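**Student:** Below are the structure tokens for one structure; questions will follow.
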Amino acid sequence: MIQVYISHTFVPEKTYLCKVLFSEILQLEYSIHSSAEYSNYHFVAPNGATIIIADDFFSHYNEDKGYLKKSALPQKKFEINYKGENIPFFYGTPSIYKESGNTCCVDADICASAFFMLARWEEYVIKERDEYGRFPETEAYTVSHNLTHIPVVHVYGELLRTLFAELGYSISSNRTFTKTITHDIDFTRKWHTGIDFLKNCVGDIVKRYSLPSLAKTLSYAFSKQDPYNTYSYLMDVSEQYGYTSVFYMLLSPKNNRFFQSVQGQNIAKEIQSRGHHIGIHFNEYHIHEIDEMQNHCKNFSKLFGTVPTVSRQHFLQFSYPETLIALESCGILQDSSLYYRHTPGFRTGMCIEHSTFDPIKRCELQIKELPLTFMDVSLLDFETVKDAEQEIRNLMAITKKYAGNFVCLWHNSSFYGKEWKNSSHLYKKILQFS
Numbered sequence: 034m035i036q037v038y039i040s041h042t043f044v045p046e047k048t049y050l051c052k053v054l055f056s057e058i059l060q061l062e063y064s065i066h067s068s069a070e071y072s073n074y075h076f077v078a079p080n081g082a083t084i085i086i087a088d089d090f091f092s093h094y095n096e097d098k099g100y101l102k103k104s105a106l107p108q109k110k111f112e113i114n115y116k117g118e119n120i121p122f123f124y125g126t127p128s129i130y131k132e133s134g135n136t137c138c139v140d141a142d143i144c145a146s147a148f149f150m151l152a153r154w155e156e157y158v159i160k161e162r163d164e165y166g167r168f169p170e171t172e173a174y175t176v177s178h179n180l181t182h183i184p185v186v187h188v189y190g191e192l193l194r195t196l197f198a199e200l201g202y203s204i205s206s207n208r209t210f211t212k213t214i215t216h217d218i219d220f221t222r223k224w225h226t227g228i229d230f231l232k233n234c235v236g237d238i239v240k241r242y243s244l245p246s247l248a249k250t251l252s253y254a255f256s257k258q259d260p261y262n263t264y265s266y267l268m269d270v271s272e273q274y275g276y277t278s279v280f281y282m283l284l285s286p287k288n289n290r291f292f293q294s295v296q297g298q299n300i301a302k303e304i305q306s307r308g309h310h311i312g313i314h315f316n317e318y319h320i321h322e323i324d325e326m327q328n329h330c331k332n333f334s335k336l337f338g339t340v341p342t343v344s345r346q347h348f349l350q351f352s353y354p355e356t357l358i359a360l361e362s363c364g365i366l367q368d369s370s371l372y373y374r375h376t377p378g379f380r381t382g383m384c385i386e387h388s389t390f391d392p393i394k395r396c397e398l399q400i401k402e403l404p405l406t407f408m409d410v411s412l413l414d415f416e417t418v419k420d421a422e423q424e425i426r427n428l429m430a431i432t433k434k435y436a437g438n439f440v441c442l443w444h445n446s447s448f449y450g451k452e453w454k455n456s457s458h459l460y461k462k463i464l465q466f467s
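Numbering (this note's numbering), first residue to last: 34 to 467.
Right, dumping it as structure tokens:
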């Protein structure tokens, strides 16, 4: 068991980040001891190997006034090249050295840097929001410093593993690379009514000036197929490569009516009978919308015969930490919304499900976060399909390096329309990667 010694200030924050680093990443048992005699973090292994990490961040703040202010945001990024890898840090100074035979000192504040990524407190202190009420990724520190392609907190965990090994204490890893394949069902059908179909035909002619599009629309009509009815196909592909899919259902009025129909009920039963999963897709994300969210959960239970426990936000609308608090009050155990629409990668610095923290009330939350890694809509930002495929491969490779979980979002509707014509084949390539 690792013994963790910390100062007696900001204990909730330090306890939380130690849980993520030691329990969730390194899969180690540990015990925390807080005392005024410790000015830095001391991690002590059973063989006496000790890693001392500078408490460069929390030591500068009064606990009564806290750190939730813009002036506390990282002022600079620096890197330490250790064993051939450039490791980014946000607090402290760039130094790692051995103090004695079994003690290593790290002047870079690993703990505060990890906490900055995990607790997302920058999203609270920066008040700017985009048109959908989301924290704008252009304001994110990791986006501006080109760090979203790195699961930063995992990098810190591996650094601790390496340092302990050099001090004679080996930490094995039992976690393996996996993928979670998810689908947001924003629209259950392309055409719910004949009027919807006629509007589509008019749009093909008047808006898109495309006879091929009209011909494609008519071909679906003649074959009595709806292009958004890809549920069986999505399950077939997942099963072909040994995965199960998660379908996040948006309960809009039209979707609600669909799932009340015989066809909708049959699709839901097929998803469940084949061992795939159904989650809820919320359009609300504020605390004052909890009543409406809870009503959606009740309706979900009536439609699908099960209580929703996993969710994703529609349009990735998220307000940190209040969305997590609202979801938790609805009985949601896991959210999977944290992702930057135009910047694929690791918004929380993690590539596995992890614990969450409320930096306002300064307490760990019960709800977990399964951060999204890549979604199909981001494909539209790439100049070529080849560029997009390379980005996906890079993200999967680094997720595999850290034995993480590559979480993919592919909408049921993203096989129809000219914008998906050249890239829909990438869906299979994601599942094929090993």
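All C-beta atoms, glycine included, are put in the ideal place defined by N, C-alpha and C.
Note that the structure is predicted; figures quoted are calculated from it, not measured.
Fully enclosed by the segment 78 to 114, which beta strand (DSSP E) runs are 3 residues long or longer?
**Tutor:** 83 to 86, all fully within the segment 78 to 114.
**Student:** State buried or exposed for residue 164, treating a residue as buried only when at least 16 other CB atoms are found within 10 Å of its CB.
**Tutor:** Taking the first residue of the sequence shown as 1, we reach residue 164 at position 131. When all chains shown are included, residue 164 counts as exposed.
**Student:** Would you mind reading off the limits of the alpha helix (DSSP H) that contains residue 264?
**Tutor:** In the sequence shown, counting from the first residue as 1, residue 264 sits at position 231. First-last of the alpha helix (DSSP H) with residue 264: 264 to 273.
**Student:** Are residue 52 and residue 39 closer than 8 Å when you measure CB to CB?
**Tutor:** In the sequence shown, the residue the question calls residue 52 occupies position 19. In the sequence shown, the residue the question calls residue 39 occupies position 6. No, the pair does not count as a contact, with Cβ atoms beyond the cut-off.
**Student:** Could you tell me how far apart the beta carbons of residue 279 and residue 312 are, in whole angstroms, since I believe they sit closer than 8 Å?
**Tutor:** Along the sequence shown, read from residue 1 onward, the residue named residue 279 stands at position 246. Along the sequence shown, read from residue 1 onward, the residue named residue 312 stands at position 279. Correct: roughly 5 Å between the Cβ atoms.
**Student:** Curious, which full-length beta strand (DSSP E) runs of at least 3 residues does the segment 181 to 218 contain?
**Tutor:** Runs of the beta strand (DSSP E) inside the segment 181 to 218: 211 to 218.
**Student:** Measuring straight from C-alpha to C-alpha, what distance separates residue 333 and residue 57?
**Tutor:** In the sequence shown, the residue the question calls residue 333 occupies position 300. In the sequence shown, the residue the question calls residue 57 occupies position 24. Roughly 31 Å between the two C-alpha positions.
**Student:** So, do the segment 189 to 202 and the segment 399 to 408 have three or more beta carbon pairs nearer to each other than 8 Å?
**Tutor:** No: fewer than three Cβ pairs fall under 8 Å.
**Student:** Tell me the residue span of the alpha helix (DSSP H) that contains residue 419.
**Tutor:** As a position in the sequence shown, residue 419 is number 386, starting the count at 1. It spans 418 to 434 - the alpha helix (DSSP H) in which residue 419 sits, taken as one unbroken run.
**Student:** Give me the Cβ distance between residue 270 and residue 110, rounded to the nearest whole Å; I'm assuming they're in contact under 8 Å.
**Tutor:** Stepping through the sequence shown from its first residue, residue 270 is reached at position 237. Stepping through the sequence shown from its first residue, residue 110 is reached at position 77. Incorrect: roughly 40 Å between the Cβ atoms, too far for contact.
**Student:** I need the straight-line Cα distance from residue 346 to residue 295, nearest angstrom please.
**Tutor:** Looking up residue 346 in the sequence shown gives position 313. Looking up residue 295 in the sequence shown gives position 262. The straight-line gap from Cα to Cα measures roughly 27 Å.
**Student:** First and last residue of the beta strand (DSSP E) that includes residue 389?
**Tutor:** Mapped onto the sequence shown, residue 389 falls at position 356. 387 to 391 is the span of the beta strand (DSSP E), which, as asked, contains residue 389.
**Student:** Less than 6 Å between C-beta atoms, sequence neighbours within five positions excluded: which residues of the same chain meet that for residue 390?
**Tutor:** The sequence position of residue 390 within the sequence shown is 357, counting from 1. Correct list, in chain order: 49, 152 and 397.
**Student:** Would you say residue 142 and residue 124 are within 8 Å of each other, going by their C-beta atoms?
**Tutor:** Within the sequence shown, numbered from 1, the residue matching residue 142 stands at position 109. Within the sequence shown, numbered from 1, the residue matching residue 124 stands at position 91. Result yes, Cβ atoms of residue 142 and residue 124 sit closer than 8 Å.
**Student:** Rounded C-beta distance between residue 212 and residue 439? I'm assuming under 8 Å.
**Tutor:** As a position in the sequence shown, residue 212 is number 179, starting the count at 1. As a position in the sequence shown, residue 439 is number 406, starting the count at 1. Confirmed, Cβ separation roughly 5 Å.
**Student:** Would you decide whether residue 306 is buried or exposed? Buried here means 16 or more other CB atoms lie within 10 Å of its CB.
**Tutor:** Start at 1 with the first residue of the sequence shown, and residue 306 comes out as number 273. The residue in question, residue 306, is exposed, as its Cβ has fewer than 16 Cβ neighbours within 10 Å.
**Student:** In this structure, what does DSSP give as the bridge partners for residue 279?
**Tutor:** Within the sequence shown, residue 279 is the residue found at index 246, counting from 1. BP columns for residue 279 point to 215 and 310.
**Student:** Quick check: what's the CA-CA separation for residue 191 versus residue 185?
**Tutor:** Position 158 of the sequence shown holds residue 191. Position 152 of the sequence shown holds residue 185. Each residue's Cα considered, the two are about 10 Å apart.
**Student:** I'd like the span of the beta strand (DSSP E) that includes residue 131, first residue to last.
**Tutor:** As a position in the sequence shown, residue 131 is number 98, starting the count at 1. Residues 125 to 133.
**Student:** With H, G and I counted as helix, E and B as strand and the rest as coil, what does DSSP make of residue 121?
**Tutor:** Counting from one through the sequence shown, the residue named residue 121 turns up at place 88. Correct three-state label for residue 121: strand.
**Student:** Compare the Cα-Cα distances from residue 69 to each of 458, 43 and 90 and report the closest residue.
**Tutor:** Here residue 69 corresponds to residue number 36 of the sequence shown, with the count starting at 1. Comparing Cα positions, the closest option is 43.
**Student:** Contact between the segment 124 to 135 and the segment 343 to 362: three or more CB pairs below 8 Å?
**Tutor:** Contact fails: fewer than three Cβ-Cβ distances are below 8 Å.
**Student:** Within 10 angstroms of its Cβ, does residue 131 collect 16 or more other Cβ (buried), or is it exposed?
**Tutor:** On the sequence shown, position 98 is the one that residue 131 refers to. Exposed.
**Student:** Whole-angstrom Cβ separation of residue 261 and residue 445, contact assumed at under 8 Å?
**Tutor:** Looking up residue 261 in the sequence shown gives position 228. Looking up residue 445 in the sequence shown gives position 412. So it is a contact: roughly 6 Å between Cβ atoms.
**Student:** Relative to the alpha-carbon of residue 209, which residue among 72, 443 and 436 has its alpha-carbon at the smallest distance?
**Tutor:** Within the sequence shown, numbered from 1, the residue matching residue 209 stands at position 176. Ranking 72, 443 and 436 by Cα distance to residue 209 puts 436 first.
**Student:** Quick one, are the C-beta atoms of residue 456 and residue 410 less than 8 Å apart?
**Tutor:** One-based indexing of the sequence shown puts residue 456 at position 423. One-based indexing of the sequence shown puts residue 410 at position 377. It is not a contact, given that the beta carbons lie outside the stated cut-off.
**Student:** Compare the Cα-Cα distances from residue 321 to each of 272, 448, 362 and 64 and report the closest residue.
**Tutor:** Taking the first residue of the sequence shown as 1, we reach residue 321 at position 288. The option with the nearest alpha carbon to residue 321 is 362.
**Student:** For residue 344 and residue 368, which I take to be in contact (beta-carbon distance under 8 Å), what is that distance rounded to the nearest angstrom?
**Tutor:** Position 311 of the sequence shown holds residue 344. Position 335 of the sequence shown holds residue 368. About 6 Å; that satisfies the 8 Å criterion.
**Student:** With the cut-off set at 8 Å, would you say residue 314 and residue 281 are in Cβ contact?
**Tutor:** For this step, residue 314 is matched to residue 281 along the sequence shown. For this step, residue 281 is matched to residue 248 along the sequence shown. Yes, they are a contact pair.
**Student:** What does residue 136 pair with, by DSSP beta-bridge criteria?
**Tutor:** Counting from 1 along the sequence shown, the entry for residue 136 is found at position 103. Answer by DSSP bridge pairing, in chain order: 83 and 133.
**Student:** Beta-carbon within less than 8 Å of residue 286's beta-carbon, same chain only, minus the 5 sequence neighbours each way: which residues are those?
**Tutor:** The residue you call residue 286 lines up with position 253 of the sequence shown. Counting only Cβ-Cβ distances below 8 Å, and skipping sequence neighbours, we find nothing.
**Student:** Going by DSSP in three states, residue 37 sits in which element: helix, strand or coil?
**Tutor:** The residue you call residue 37 lines up with position 4 of the sequence shown. If DSSP states are grouped into helix, strand and coil, residue 37 belongs with the strands.
**Student:** Could you name the residues of the same chain whose beta carbon sits closer than 8 Å to that of residue 399, not counting the 5 residues immediately before and after it, in chain order?
**Tutor:** Start at 1 with the first residue of the sequence shown, and residue 399 comes out as number 366. 361 and 366.
**Student:** Looking only at DSSP bridge pairs, what is residue 65 linked to?
**Tutor:** For the purposes of this step, residue 65 is taken as residue 32 along the sequence shown, with counting starting at 1. The partner list for residue 65 (beta bridge, DSSP) reads 37.
**Student:** Just how far apart, CA to CA, sit residue 364 and residue 335?
**Tutor:** Here residue 364 refers to the residue found at position 331 when the sequence shown is read from its first residue. Here residue 335 refers to the residue found at position 302 when the sequence shown is read from its first residue. Between residue 364 and residue 335, the C-alpha separation is close to 16 Å.
**Student:** Give a yes or no on whether the C-beta atoms belonging to residue 89 and residue 145 are separated by under 8 Å.
**Tutor:** Counted from its first residue, the sequence shown places residue 89 at position 56. Counted from its first residue, the sequence shown places residue 145 at position 112. Yes; because the gap between Cβ atoms is below 8 Å, this pair is in contact.
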